[in-house]
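If you're matching positions, the sequence shown starts at 1 in UniProt numbering and goes up one per residue.
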Amino acid sequence: MLGKINSLQKDWQEVCPKKVDDEVYVIGNPPFLGTVGRSELQRSDMQKVFSNFKTIGGLDFVACWFWKGAQYIQNSHAELALVATNSLCQGEQVATLWPPIFALGLHIHIAYQTFTWANNARDKAAVHVVVIGLSGKSKTRQLYQLVDANWHSKLVGNISPYLVEGSNIVVEPKSKPIIKDVPQLLFGNKPTDGGHLLMNSHERDKLLEVEPQAARWIKKVLGADEFLNAKERWCLWLADITDAELRAMPHVFNRVQKVAEARRKSPDKGAQKMAERPHQFRDLNNPDDYILIPSVSSERRTYIPIGFYDANVISTNANYIIPNGTLYEFSILTSLIHNDWMRLVAGRLKSDYRYSAKVVYNSFPWPDVTDAQRKSLIDLAKSVLLIRENYPESTLAELYDPLKMPADLLEAHQALDKFVDRLYRDKPFKDATERLSCLLQRYESLTKA
1 MLGKINSLQK
11 DWQEVCPKKV
21 DDEVYVIGNP
31 PFLGTVGRSE
41 LQRSDMQKVF
51 SNFKTIGGLD
61 FVACWFWKGA
71 QYIQNSHAEL
81 ALVATNSLCQ
91 GEQVATLWPP
101 IFALGLHIHI
111 AYQTFTWANN
121 ARDKAAVHVV
131 VIGLSGKSKT
141 RQLYQLVDAN
151 WHSKLVGNIS
161 PYLVEGSNIV
171 VEPKSKPIIK
181 DVPQLLFGNK
191 PTDGGHLLMN
201 SHERDKLLEV
211 EPQAARWIKK
221 VLGADEFLNA
231 KERWCLWLAD
241 ITDAELRAMP
251 HVFNRVQKVA
261 EARRKSPDKG
271 AQKMAERPHQ
281 FRDLNNPDDY
291 ILIPSVSSER
301 RTYIPIGFYD
311 ANVISTNANY
321 IIPNGTLYEF
331 SILTSLIHND
341 WMRLVAGRLK
351 SDYRYSAKVV
361 YNSFPWPDVT
371 DAQRKSLIDL
381 AKSVLLIREN
391 YPESTLAELY
401 DPLKMPADLL
411 EAHQALDKFV
421 DRLYRDKPFK
431 DATERLSCLL
441 QRYESLTKA
């Protein structure tokens, strides 16, 4: 909005007529709004601006100005530069917004990578933003990076939509890993139980007082919060119970009946269908062993904590699992280069990282490894896990807090990081930007092969 004029409802060429050779510069700081909290007018504006798009998914509101601006400056000497939330260059928003912009014959000719912008409001709220300049004529590409509170710039061959040096390749969601023989990543188990299959420790103890035979059917359950913060929670895991066994435990049977009632009353047809098997979770992914990856993790962490569990521990759908995952998979997934990839392509829940099977895991360009290298990776992974065991009083959230991480654990991770980096190239990477440029090149070669 400009005064009482809604710029998203206007033809910019009518408001600011330009000829092909005119030097016109469009600059601005459009409003930052995610998918939550938009007014009816703003939702209507987005539908109008992106009327030719098949879907706009989770595009931020600020994307409207990039698309309007891109159409305005195409086939001319005009240029555009806008401040935007950094999420426009992360996750699935990239695949939605940027290919159509590039198809107009435009490129990113100037970019400031992510920095924190605090406003002047009383609450001093801060957002993570970028500055992106678009042009169809400029021959230079200038990339700015904030290092130790100082801006550093360099001329590059091309600026990718992820605001690193590289091609305009976009990481698309994949239904399976792009590397052969990489194991499948699955969601954990969604209870859809109305709270009747899950229990805290007090509820479990009360149940066992009156029905001690239920102990056989009670397992520890982990959501992301329980995993990261060592909280105790329990569930009734009745996947293979017989009707006779269930009816022999009246209190457990009563809980199952309440699950059936909750599912029948649900507005979700899938949940209603599950009322036919109320003793079971929606999913029954309970392998003998698995790697657990929390689906959401704090943006403050350098590494997403991941761990190993067996069939006695049930993971909820707040996590992903790799059935029968090995120390080799753990070594790659816990490495810095994989975490850098996650930070590049993952979506966000507020500012926290949202891990994704389709966008992060399946698209990750794993390195080629020899048998000897695989053995070294396994040894390095063991070192990380053994050091973690030296801190039984610390939660994973504490161990992976960058301000609290024990020095020996950090050193073990850095040794693993260095080894994994060398699998991609002999020359050490200077920073995350170089790692990501290398990964995007490998992703492009693998997906175009």
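All residues carry an ideal CB built from backbone N, CA and C; glycine is no exception.
Is DSSP giving CYS16 helix, strand or coil here? Within the sequence shown, residue 16 is the residue found at index 16, counting from 1. If DSSP states are grouped into helix, strand and coil, CYS16 belongs with coil.
Suppose you measure from the CA of LEU2 to the CA of PRO294; what does that come to, to the nearest Å? As a first step, residue 2 must be located in the sequence shown, where it is residue number 2. As a first step, residue 294 must be located in the sequence shown, where it is residue number 294. Residue placement at LEU2 cannot be trusted, given a pLDDT of 48 that sits under 50; what the coordinates show is reported in the next sentence. Going from the Cα of LEU2 to the Cα of PRO294 covers about 43 angstroms.
Just verifying my parser: in three-state terms, what is the DSSP assignment at ASP421? For the purposes of this step, residue 421 is taken as residue 421 along the sequence shown, with counting starting at 1. DSSP places ASP421 in helix when its eight states are reduced to three.
Where does ALA63 fall in DSSP's three states? Numbered from 1 along the sequence shown, position 63 holds the residue referred to as residue 63. Helix at ALA63.
Assign GLY195 to one of two classes, buried (16 or more other C-beta atoms within 10 Å of its C-beta) or exposed (fewer than that). In the sequence shown, counting from the first residue as 1, residue 195 sits at position 195. Burial check for GLY195: the Cβ neighbour count within 10 Å stays below 16, so the residue is exposed.
Checking contacts by CB at 8 angstroms: is LEU336 closer than that to chain C? Considering every chain present, this structure includes no chain C. It has just one protein chain.
Rounded separation between TRP12 and GLN90 - CA only: Here the question's residue 12 lines up with position 12 in the sequence shown. Here the question's residue 90 lines up with position 90 in the sequence shown. One C-alpha to the other measures close to 28 angstroms.
CB-CB under 7 angstroms to ASN339, same chain, minus the five flanking residues each way: which ones, in chain order? Residue mapping note: residue 339 aligns to position 339 of the sequence shown, counting from 1. Only THR302, TYR303 and ILE304 meet the Cβ criterion.
Are ARG141 and VAL131 touching if we call contact CB-CB under 8 angstroms? Mapped onto the sequence shown, residue 141 falls at position 141. Mapped onto the sequence shown, residue 131 falls at position 131. Not closer than 8 angstroms, so no.
Cβ neighbour criterion (16 or more within 10 Å) applied to TYR355: Position 355 of the sequence shown, counted from the first residue, corresponds to residue 355. It is buried - the Cβ of TYR355 has at least 16 other Cβ atoms within 10 Å.
Give the secondary structure of SER298 by DSSP, where H, G and I count as helix, E and B as strand, and everything else as coil. Within the sequence shown, residue 298 is the residue found at index 298, counting from 1. Correct three-state label for SER298: coil.
So, are the CB atoms of VAL313 and LEU222 less than 8 angstroms apart? Numbered from 1 along the sequence shown, position 313 holds the residue referred to as residue 313. Numbered from 1 along the sequence shown, position 222 holds the residue referred to as residue 222. Going by C-beta atoms, VAL313 is nearer than 8 angstroms to LEU222.
Beta-carbon proximity of PRO173 to GLU79, cut-off 8 angstroms: Reading the sequence shown from its first residue, position 173 is the one you call residue 173. Reading the sequence shown from its first residue, position 79 is the one you call residue 79. Cβ distance not < 8 angstroms, so PRO173 and GLU79 don't count as in contact.
Give me the Cα-Cα distance between TRP67 and LEU446, rounded to the nearest whole angstrom. As a working note, residue 67 is residue 67 in the sequence shown. As a working note, residue 446 is residue 446 in the sequence shown. C-alpha separation (whole angstroms): 30 angstroms.
How about the stretch 419-430 and the stretch 330-339: do they share at least three Cβ pairs that are nearer than 8 angstroms? yes
Tell me whether ASP21 sits in a helix, a strand or coil according to DSSP, three-state version. As a position in the sequence shown, residue 21 is number 21, starting the count at 1. Coil, per DSSP.
Segment contact, 8 angstroms Cβ cut-off, at least three pairs: the stretch 176-192 with the stretch 316-324: yes
CB-CB length for GLU398 against LYS404, believed under 8 angstroms: Along the sequence shown, read from residue 1 onward, the residue named residue 398 stands at position 398. Along the sequence shown, read from residue 1 onward, the residue named residue 404 stands at position 404. 5 angstroms between Cβ atoms; contact.
In DSSP terms, what LEU399 is bridged to: If you number the sequence shown from 1, residue 399 lands on position 399. DSSP, once it has assigned bridges, lists no residue as partnering LEU399.
If distances are taken between C-alpha atoms only, which option among ASN75, LEU284, CYS235 and ALA95 comes closest to ALA63? For the purposes of this step, residue 63 is identified with residue 63 of the sequence shown, where counting begins at 1. Of the candidates ASN75, LEU284, CYS235 and ALA95, the one whose C-alpha sits nearest the C-alpha of ALA63 is ALA95.
Which of the three DSSP states, helix, strand or coil, is assigned to LEU2? As a position in the sequence shown, residue 2 is number 2, starting the count at 1. With a pLDDT of only 48 at LEU2, under the threshold of 50, the placement of this residue in the model should not be trusted, and no figure is reported.
By the 10 Å Cβ neighbour count, where 16 or more other Cβ atoms means buried, how is GLN145 classified, buried or exposed? One-based indexing of the sequence shown puts residue 145 at position 145. Per the 10 Å Cβ criterion, buried.
To the nearest angstrom, how far is the alpha carbon of SER7 from that of ASN52? Here the question's residue 7 lines up with position 7 in the sequence shown. Here the question's residue 52 lines up with position 52 in the sequence shown. Each residue's Cα considered, the two are about 18 angstroms apart.
Give me the residue from GLU40, ASP283, PRO161 and GLN71 with the minimum Cα distance to ASN86. Walking along the sequence shown from the start, residue 86 turns up at place 86. ASN86 has its Cα closest to that of PRO161, out of GLU40, ASP283, PRO161 and GLN71.
Nearest candidate by alpha-carbon position, reference PRO287, set GLU165, TRP117 and THR326: What you label residue 287 is simply residue 287 of the sequence shown in a count that begins at 1. Nearest option by C-alpha distance: THR326.
Three-state secondary structure (DSSP) at THR116? If you number the sequence shown from 1, residue 116 lands on position 116. Three-state DSSP puts THR116 in a strand.
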